[in-house]
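To convert a position in the sequence shown, counted from 1, into the numbering used here, add 410.
By construction, the Cβ of each residue, glycine as well, lies at the ideal position given by its N, Cα and C atoms.
As the structure is a prediction and not an experimental result, all values here were calculated from the model.
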Amino acid sequence: MRRAQVAAINKLAVAGEQAGFTLEQMIQLLDSGLSAETLLEMIAWRFEAMQGTSRPLAASSWRMV
Numbered sequence: 411m412r413r414a415q416v417a418a419i420n421k422l423a424v425a426g427e428q429a430g431f432t433l434e435q436m437i438q439l440l441d442s443g444l445s446a447e448t449l450l451e452m453i454a455w456r457f458e459a460m461q462g463t464s465r466p467l468a469a470s471s472w473r474m475v
């Protein structure tokens, strides 16, 4: 795995934990077919909710895999 990929995965893990997900939860979501893009959207949504600026994501941004 390249250094850039490892750094990106690390950033995703740190952001997810800061948003309230555990590493195990994120792995389970990805293993169940959730895309990394959707996981990022969920993390962003959680950050917004934590800041009190929550707004629903557009339905078009959700994809079934």
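Helix, strand or coil for residue i, going by three-state DSSP, please let me know.
i	result
A505	The structure shown has nothing for residue 505, since the chain only spans 411 to 475.
L450	helix
Q461	coil
L440	helix
R412	coil
So residue i and residue j are in contact, right, with Cβ under 8 Å, and what is the actual spacing, rounded?
i	j	result
A423	M436	7 Å
A414	I453	At roughly 20 Å, the Cβ-Cβ gap does not stay under 8 Å, so A414 and I453 are not in contact.
For residue i, is the classification buried or exposed, using 16 other Cβ atoms within 10 angstroms of its Cβ as the cut-off for buried?
i	result
G462	exposed
Given 6 Å as the limit, tell me if residue i has its C-beta closer than that to any heavy atom belonging to the ligand COA.
i	result
W455	Ligands are entirely absent from the displayed structure, and the ligand COA is therefore not among its contents.
Of the choices the options, whose alpha-carbon is the least far from that of residue i?
i	options	result
E451	A414, A417, R413, G426	G426
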